[in-house]
Every structure is written in structure tokens, then in C-alpha cells.
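In what follows, a structure is listed as C-alpha cells, so that the remarks can point back to it.
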Amino acid sequence: MIRIQGITVYFNKCVILIIFFHYNSVFKIMNVIDEFLNQIICGDSLDLMKKLPDNSVNLVVTSPPYFNCRSYGNETIGREQDPLDYVKNLLEYTNEIKRILSKQGSFYLNIGDVYFGTKGFIRNKGRFARKTDRHYKEHKITKPNGVYLQYKQLLMLPERVAIGMQEQGWILRNKIIWEKPNPVPSYSPDRRYPVYEHIFHFVKSRRYFFNLDIAKQYNHHRDVIRCGIEPFGNHQATFPEKLIEPLILSTSNENDIVLDPFSGSGTTASVALKNKRNYIGFEINEDYCRSAIDRLEKISLEKSNNPSKQISLTNNPISNKIEQPVLFIFEENPITYDNHL
Ligand SMILES: C[S@@+](CC[C@H](N)C(=O)[O-])C[C@H]1O[C@@H](n2cnc3c(N)ncnc32)[C@H](O)[C@@H]1O
1 MIRIQGITVY FNKCVILIIF FHYNSVFKIM NVIDEFLNQI ICGDSLDLMK KLPDNSVNLV
61 VTSPPYFNCR SYGNETIGRE QDPLDYVKNL LEYTNEIKRI LSKQGSFYLN IGDVYFGTKG
121 FIRNKGRFAR KTDRHYKEHK ITKPNGVYLQ YKQLLMLPER VAIGMQEQGW ILRNKIIWEK
181 PNPVPSYSPD RRYPVYEHIF HFVKSRRYFF NLDIAKQYNH HRDVIRCGIE PFGNHQATFP
241 EKLIEPLILS TSNENDIVLD PFSGSGTTAS VALKNKRNYI GFEINEDYCR SAIDRLEKIS
301 LEKSNNPSKQ ISLTNNPISN KIEQPVLFIF EENPITYDNH L
């Protein structure tokens, strides 16, 4: 009896301690993450993600720069000489995403492939690059090695990144094919036209949040999704909103935190805001940050002019600020301004 009581007392203390530590750590997460909530922050997302606590965001939806594809001006990734260095660099970001993603969270990674040796995809404000362009000349690609690196080789970069992520401990749930009825033309007389990109759905644990019924409502329950590309403003590689909205709705709940570490024109943040999620956007190019903030301000304004649509975050345990997106430049990594292509 005493023994049983002893065990009971011991057990209760444990429970109290667990609750204490749990609340303490939840409280810490709330304080830190509050600084970042509903902001577009200008800086290198690898540095910025290091500021976020473990398991603190519910969903990550992103599309990093593709290898040797476009020039955004001051990107830290995509301009490597060797495609395998690109994979290695990108895996540093996915590792950090794994740390900050909650255990029930999901990570959608949209990534496209390229052929070795091509520079024809690099574009300047919507046109194909010319050999006289500064970025075209500056970007040297490693020499062919007769095996993996051969001209005309499709590099399988999405697969290489995905395999690297599996080795980091990620669980791959779907390899979604995003088929584009209106792709950027990539013509060659001796192969078929590429018309799709990958969207990998990764999770951290076997028990994660996913609502198949919502996915079905949007015809997103199959692993091939057809959706046209939609440039936004001055950004040429934006997500179509209707591509990512079903991803956000089926893998997050209202008031969850949705992060895009390569946020560009802020499409992920905009869709999150429209759907009563909190957003965090990291973007290295200040022009894109500004246009994302304008975009978010317009959405907030529209919602406040139409109270039936207005976002209410009063039940949000983490934050109740969402209305005023501001440009915040991450000081530790001062950005250099450049005429981005
Ligand atoms: C493919 S675009 C993303 C577009 C975005 N999905 C949208 O809908 O607008 C990739 C973006 O990553 C940004 N970027 C590149 N390196 C970065 C870094 N280290 N940290 C944050 N953003 C970066 C580029 O400036 C570019 O805007």
C-alpha cells in the first residue's frame, strides 16, 4: 500500500515536472516565434531559421531557386558551378527545416530539374538570357566529366535532393507531379518537352496532420496535379495560388504557422493569410520582400473592408498581430543590392 502510494506520489511529481517543463518550453517557443509571426523578413533563410525554436512551425511550403535556372540577384543557392554542390547546399536548408518543423507537420518542397550545360533557362525580366548578360557570363559551370556530368544529361536534381533528405531522416509521403499546361518553353529537337515539376511531400514522423477529405474537395487526392503557371508582379517563378491553397488547407489548421523560407513574391504567406493561418516568409531579395509586403497589405485591407472575411486571431494562443506586415531586414547578413535579372 505504502509502496503503491509511494509510486503514486512519485508518478504525480513526474507528471507535475513534465507539465512544468512542457509549459516552460511551449512558453519559450511562443515568445521566440512571436517575433517572426506574420512577417516577411529579408535575409538568408538559413541564418534566419537558426533563430527559430525546435518543432515550432506547423507547415513549410517552399520552392528554392533551381540549379542554374534563373538569377534573382543575390541568392545564396542555385548558382553553384557543380550541381552536386547545389544538392549539398540545399540539404543544409532541409536539415534546418527538419529541426524547426513540428512533429505533426509537413514540408512541401517544389523543385525542378535541368539539363547539364544549359544556360538557356536563365532569364532577365521574363526573357531568355543573352550571352552578353552579366550574370550569364559570370556563371561558370563545372566541366563535363564524361559520366554524370555530360552535356544533354537531365541531372535528376529533385531526386538527388529527396534521397539526401531521406538520409537526413525525413519520410517521403508523396512525389507529386505538378503538370503545367503552359510551361516555360524548353525546346530541343532531340527530346520531349519538359512540362512538369516535382512537389515532394515530406514529414518528420509517422503520425502527422493530413486531411484527405479536404484534399479531395480540391481534386488534390491524386499525386498528379495539373495547374497553370502564374507570374506575379516582378517575380517570374511564383507559385500559382490555386496550386498551394489545397496543400495548406489539407495539411494545416487555422492559426497554425506556415513558413516559406524562399518566399519570393509571398504567395505562400498570402494564401496562409487568406486562410486564417499565421505566416512567416524569409526572402533574401529586398525588392521581392517589398512586393510581398504590399501584396499582404492589400489582402489585410480587403479583409478589413469586408468584415465577414476579416481574420480574427482572438483565439490564437500565440499571437494576435497580423494586420501590419513590415519589412524587417536581418542585420547579421547585410544584403547587397543588385539589378536582379
Ligand atoms: C523560386 S523563387 C520562390 C518564389 C515563391 N514561391 C513565390 O511564389 O513567389 C526562390 C526565391 O528564393 C530567394 N532566395 C534565394 N536564396 C535565398 C536565401 N538564401 N534565403 C532566402 N531567400 C532566398 C530568391 O530571391 C527567390 O525569390
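The sequence shown maps to residues 1 to 341 in full-length UniProt numbering. The C-beta atom is built at its ideal place from N, Cα and C for all residues, glycine as well.
When DSSP labels each residue in this structure, what does VAL87 get in the three-state scheme? In this structure, VAL87 counts as helix in the three-state DSSP scheme.
State yes or no: is the C-beta of GLU241 within less than 9 Å of the C-beta of VAL271? Yes, they are a contact pair.
Nearest-angstrom Cβ-Cβ length linking LEU48 and PHE282, presumed shorter than 8 Å: The pair is a contact, with the Cβ atoms about 5 Å apart (cut-off 8 Å).
Report, in whole angstroms, the separation of the C-beta atoms of ALA237 and GLY266, which I expect to be a contact under 8 Å. With 8 Å as the limit, ALA237 and GLY266 do not qualify as a contact, their Cβ atoms being about 13 Å apart.
Ignore the nearest five residues each way along the sequence and tell me which others in THR76's own chain have a CB closer than 8 Å to its CB. Within the same chain, THR76 has close Cβ partners ASP44, LEU46, ASN89, ILE284.
What residue ranges within the stretch 224-272 form continuous beta strand (DSSP E) runs of no fewer than 3 residues, ordered along the chain? For the beta strand (DSSP E) assignment, the uninterrupted runs of no fewer than 3 residues enclosed by the stretch 224-272 are, from N- to C-terminal side, 224-226, 257-260.
Run through the DSSP bridge pairs and tell me what GLU197 is partnered with. Bridge partners of GLU197: TRP178.
With distance defined between alpha-carbon atoms, name the residue in ASN234, HIS235, ASP223 nearest to PRO246. Of ASN234, HIS235, ASP223, the residue nearest in Cα terms is ASP223.
Please return the same chain residues whose Cβ sits closer than 8 Å to the Cβ of ILE257, not counting the five positions on each side in sequence. These residues qualify, in order along the chain: ILE33, LEU37, SER56, VAL57, ASN58, LEU59, ARG277, ASN278, TYR279, ILE280, ILE318.
Own chain residues within Cβ distance below 6 Å of THR94, not counting five before or after: Here the set comprises MET165.
Short Cβ contact (9 Å threshold) for ILE141 with GLY112: Not a contact, by the Cβ cut-off of 9 Å.
Could you check the C-alpha separation between PHE209 and ASN145 for me, to the nearest Å? Going from the Cα of PHE209 to the Cα of ASN145 covers about 44 Å.
Express the C-alpha separation of LYS143 and LYS216 in angstroms, rounding to a whole number. The alpha-carbon atoms of LYS216 and LYS143 are separated by roughly 47 Å.
Alpha carbon to alpha carbon, how far is TYR148 from PHE232? Give it in angstroms, no decimals. Between the C-alpha atoms of PHE232 and TYR148 there is a straight-line separation of about 35 Å.
When every heavy atom of ligand 1 is checked, does at least one fall within less than 8 Å of the C-beta of LEU267? The sequence given here places Thr at residue 267; Leu does not occur at that position. Under cutoff, so the answer is yes.
Is the separation between the beta-carbon of GLY195 and that of LYS180 shorter than 9 Å? In the sequence as presented, Gly is not what sits at residue 195; that position holds Val. Remark: C-beta atoms of VAL195 and LYS180 approach each other more closely than 9 Å.
If you reduce the DSSP assignment to three classes, tell me which class THR94 lands in. Three-state result, THR94: helix.
Taking Cβ to Cβ, would you say VAL114 is nearer than 9 Å to LEU155? Cβ atoms of VAL114 and LEU155: closer than 9 Å.
Among residues of its own chain, excluding the 5 on either side of ASN182, which ones have a beta-carbon nearer than 7 Å to its beta-carbon? Only GLY228, ILE229 meet the Cβ criterion.
Among PRO261, VAL184, GLU297, nearest to LEU273 - alpha-carbon criterion: Selection PRO261, VAL184, GLU297 evaluated against LEU273 yields GLU297 as nearest (Cα-Cα).
Coil, strand or helix - GLY164 by DSSP: If DSSP states are grouped into helix, strand and coil, GLY164 belongs with the helices.
Applying the 10 Å Cβ sphere with the 16-neighbour rule, what's the burial state of GLY169? With fewer than 16 other Cβ atoms within 10 Å, it is exposed.
In terms of residues, what are the limits of the beta strand (DSSP E) holding LEU101? 101-111 is the extent of the beta strand (DSSP E) around LEU101.
Is residue 343 helix, strand or coil by DSSP? What is shown of the chain runs 1 to 341, which leaves residue 343 out entirely.
Suppose you measure from the CA of ILE244 to the CA of PRO189; what does that come to, to the nearest Å? Between the alpha carbons of ILE244 and PRO189 lies a distance of about 33 Å.
Quick one: complete beta strand (DSSP E) runs, 3+ long, within the stretch 27-54? Listed in chain order, they are 39-42.
Have a look at LYS98, GLU254, LYS103, ASN275 and flag the residue whose alpha-carbon is nearest the alpha-carbon of ILE299. It is ASN275 whose Cα lies nearest to the Cα of ILE299.
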